[in-house]
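So that you can map any letter, position 36 of the sequence shown is 83 in this note's numbering, and since no number is skipped, the others follow by simple counting.
Yeah, the Cβ is synthetic: ideal placement off N, Cα and C, and Gly gets one too.
Every value quoted in this text rests on a predicted model; they were computed, and no experiment measured them.
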Amino acid sequence: MMILLLDRRKRVEKDLREKSNIQMEQNTITETEQAYKAGIQSVADDIAPLKRTINENPATYDREQQQLRSSFCVRDSQQKQAQLRSAASRNGSPLQPQSWLAQQRENVHIPT
Numbered sequence: 048m049m050i051l052l053l054d055r056r057k058r059v060e061k062d063l064r065e066k067s068n069i070q071m072e073q074n075t076i077t078e079t080e081q082a083y084k085a086g087i088q089s090v091a092d093d094i095a096p097l098k099r100t101i102n103e104n105p106a107t108y109d110r111e112q113q114q115l116r117s118s119f120c121v122r123d124s125q126q127k128q129a130q131l132r133s134a135a136s137r138n139g140s141p142l143q144p145q146s147w148l149a150q151q152r153e154n155v156h157i158p159t
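Structural data, given as structure tokens:
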């Protein structure tokens, strides 16, 4: 992007120099000043979309990263559910708790 801006700036400066040389011979200083201002405005107009693109890129990157994380989480949960279903269908017995706390809850019987 920077190279494009520099090339564009050099071309505009060259065009302005050529125009200003011709205009100095034909026109007054104020008209030359107006030509420079017009050239500066055209360069500013070229820079504005590039600045917008630079500012939008991080937001786009963050949004894509969030979508990827979300899709991985969904895919992981679907895969775990499929594994549990297949394990339950193979064994034919109900699933047993795997964590220590869940096992303790199963083993502790609170009298009512």
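query, result
"N-terminal and C-terminal residue of the alpha helix (DSSP H) that Q151 is part of", "W147 to N154"
"Supposed contact pair V59 and G86 - C-beta distance, whole angstroms, cut 8 Å", "5 Å"
"A82 versus I76 - alpha carbon distance", "10 Å"
"Sequence-distant residues of the same chain with beta carbon closer than 7 Å to L63, five excluded per side", "A82, Y83 and G86"
"DSSP three-state assignment for T77, whether helix, strand or coil", "helix"
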